[in-house]
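Here the sequence shown is numbered in the numbering used here, starting from 450 and rising by one per residue. Cβ atoms here follow ideal geometry from the backbone N, Cα and C, with glycine treated the same way. Here the structure comes first, spelled out in structure tokens, and everything after it is commentary.
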Amino acid sequence: MIATPIRLAKNAYEPMIKFVGARHPLVKHAAEIVVHPCATNGMLPGSKECIPVGKFMENYKPFRVVPIKHSARTSLNSSKASAFIDRPLEKDELASIFELPARFRYKPINENELESINSGGAW
450 MIATPIRLAK NAYEPMIKFV GARHPLVKHA AEIVVHPCAT NGMLPGSKEC IPVGKFMENY
510 KPFRVVPIKH SARTSLNSSK ASAFIDRPLE KDELASIFEL PARFRYKPIN ENELESINSG
570 GAW
């Protein structure tokens, strides 16, 4: 018989993870049903005033996608609202991201980064 498993079985298992601090105290819950702090008018679960879930859900219909009906009037108004207006640039405005200062520009990807991306992040 192999002695190694027997020797290992004699030692008590000691987890490798070490928890910091003492154990948290167990909270004693009430044995009877109590009112939830957010309940209105002190309503208890299962009381006469409480509606069962099945009855409550009867009022709700399943979700259904309804197509949007466009009218001629709304399409004209929406196109006017989103129309491009060419105007001169104001102070501190730029026409392109390429006009940004060097510290705000995107930096090009170097060969090492490209290789890391293509290999799935492993070196």
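query, result
"C-alpha distance - Ile534 paired with His519, whole-angstrom precision", "25 Å"
"Three-way DSSP call (helix, strand, coil) for Ile574 in this model", "Coverage of the chain is limited to positions 450 through 572, which leaves residue 574 absent and any answer about it impossible."
"CB contact flag (Val483, Gly491, <7 Å)", "no"
"Simplified DSSP assignment, three categories, for Lys504", "helix"
"Whole-angstrom distance between Ile566 and Tyr555, CA atom to CA atom", "17 Å"
"Cutoff 7 Å: Asn567 Cβ touching any chain C Cβ", "Protein chain content of the structure displayed is limited to a single chain, and chain C is not contained in it."
"8 Å Cβ shell around Leu543 - same chain, five flanking residues per side excluded", "Leu549"
"The alpha helix (DSSP H) enclosing Glu562, as first and last residue numbers", "Glu560 to Asn567"
"Length of the line joining the Cα atoms of Ser496 and Asn508", "20 Å"
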